[in-house]
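Below: one structure, written as structure tokens.
In UniProt numbering, the protein residues as written are 1 to 445.
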């Protein structure tokens with residue numbers, strides 16, 4: 001059954017609130033949560049994970065790994081994973097339902113690709129529109145076989161091969177998922193698999209695989225990152241502490257910046273430099289964000305953020321930072337809509353193939369709420385209100401297109417509007433941040 005059946009949509013109006021105050025923690029990082037389950041499932045012995053994000057996307061990964069032989073249990077204070085070892089994944093008995101999770105789909109496809117099993121991947125209406133060709137291409141070079149719906153979309157069947165063929169692959173687009181897919185397939189591939197990355201992307205896969213004992217090296221060659229992994233790997237179980245998700249923290253960072261009188265501390269936020277671009281860009285706009293209590297937890301940099309209401313000024317965002325804040329652009333556009341002057345973004349083609357076309361979706365949503373937005377092929381140009389509230393929506397409903405980040409971004413816009421913003425469906429929020437509405441109510445008092 002599709003959990004996003006329009007009959008059961010849950011609309012909600014997000015109204016202006018008082019200042020955001022207090023100390024909060026956001027859920028565990030989604031990227032690290034997915035990977036901790038996968039690598040734990042490929043290690044022999046027990047991996048324990050605390051702080052795991054318990055959203056629908058990560059639970060889809062857990063269910064698929066159980067279907068392929070891993071034992072994964074919630075023990076209250078932590079999740080316990082008993083893995084099957086690299087090469088030990090079993091043939092699943094039925095199709096693997098990925099729900100709305102593109103990360104689950106692309107990374108699990110890559111694990112199946114170098115095992116002697118086949119698996120069929122299905123998903124909801126939104127995920128079934130997303131192209132998988134970018135991972136099908138390198139995995140096919142390694143010897144896997146694919147049968148997909150038109151355009152490389154779900155439903156899709158992967159027939160893995162063992163032994164797979166090690167490859168050297170230059171990423172045609174800056175995508176941590178494609179990089180990770182090749183490296184994960186390389187885990188069970190004899191020899192050296194190499195990925196060349198012209199533009200650095202989030203590096204959780206590299207950090208975590210090293211932590212699990214994989215032979216992985218990263219070097220620079222004429223300004224490009226070159227990542228090599230030696231298969232067949234022997235992964236050792238780990239104890240993992242998942243830091244707070246910077247993509248989830250982003251909604252509260254922007255809300256505190258744009259709602260007058262706010263002063264909010266967000267604890268335990270992952271500050272991996274390949275993920276923390278938003279903080280620097282908002283600081284460049286005049287955002288008062290203090291990074292405190294910096295530390296390293298489980299190989300990942302972590303800090304507490306103290307965020308205060310600020311007068312923001314529009315800027316031209318350097319496309320070099322795009323990969324380090326790619327998931328944060330929907331809520332960043334809300335900050336830009338409330339800044340003084342013009343904000344220009346370019347190099348955002350990737351946003352057109354996310355859970356929705358996030359450029360068109362946010363341009364329409366913000367325009368509907370009274371912002372001045374021009375949509376270009378690879379970005380948005382936004383004329384800010386200079387700190388004045390957005391008008392909001394009175395006779396229309398913001399379309400979220402089943403996209404959790406559109407829903408949460410426009411919820412933040414509602415807090416900084418005159419009339420509030422009506423969101424057509426809040427259910428997709430559960431894919432990444434089930435407690436979002438409750439936490440928002442808690443700190444908005």
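For glycine and all other residues, C-beta sits at the position ideal for the given N, C-alpha and C.
- Annotated three-state conformation of residue 26 is coil, per DSSP.
- Between residue 19 and residue 262, the gap from beta carbon to beta carbon is short of 8 Å.
- Contact annotation: the region 234–251 touches the region 48–64, with at least three C-beta pairs closer than 8 Å.
- For the set 90, 46, 107, the Cα lying nearest the Cα of residue 31 is the one of 107.
- Comparing alpha-carbon positions, the option among 370, 420, 358 lying closest to residue 405 turns out to be 358.
- When rounded, the separation of the alpha-carbon atoms in residue 124 and residue 130 is 10 Å.
- DSSP places residue 270 in the uninterrupted beta strand (DSSP E) bounded by 263–270.
- Rounded to the nearest whole angstrom, the CA to CA distance from residue 272 to residue 251 is 18 Å.
- In this structure, the beta-carbon distance from residue 99 to residue 367 does not fall below 8 Å.
- Bounds of the beta strand (DSSP E) holding residue 119 are 118–122.
- For residue 434, the three-state secondary structure derived from DSSP is coil.
- Inter-residue distance for residue 362 and residue 268 is about 29 Å (C-alpha atoms, whole angstroms).
- Take the alpha-carbon of residue 394 and the one of residue 38: they are about 45 Å apart.
- It is roughly 37 Å from the alpha-carbon of residue 339 to the alpha-carbon of residue 105.
- With fewer than 16 other Cβ atoms from the protein chains shown falling within 10 Å of its own Cβ, residue 8 counts as exposed.
- Cβ-Cβ distances below 6 Å link residue 345 to 317, 379, 380 in the same chain, with the five nearest sequence neighbours on each side left out; the list follows chain order.
- As for any beta strand (DSSP E) of minimum length 3 sitting wholly inside the region 357–388, the runs are 372–376, 379–383, ordered along the chain.
- Secondary structure of residue 404 (DSSP, three-state): helix.
- Here the alpha carbon of residue 194 sits roughly 42 Å from the alpha carbon of residue 337.
- Taking a 10 Å sphere around the C-beta of residue 355, we find 16 or more other C-beta atoms and assign the residue as buried.
- Residue 69 places its beta carbon 8 Å or farther from that of residue 42.
- Under the DSSP assignment, residue 103 falls in the alpha helix (DSSP H) whose first and last residues are 102–113.
- Distance from the CA atom of residue 275 to the CA atom of residue 249, rounded to whole angstroms, is 12 Å.
- Per DSSP, the continuous alpha helix (DSSP H) segment holding residue 204 begins and ends at 204–211.
- In this structure, residue 188 and residue 114 form a Cβ contact; the two beta carbons are roughly 4 Å apart against a cut-off of 8 Å.
- Secondary structure in the region 47–92: the alpha helix (DSSP H) runs of 4 residues or longer, each lying completely within the stretch, are 56–67 in chain order.
- When DSSP states are grouped into helix, strand and coil, residue 40 belongs to the helix group.
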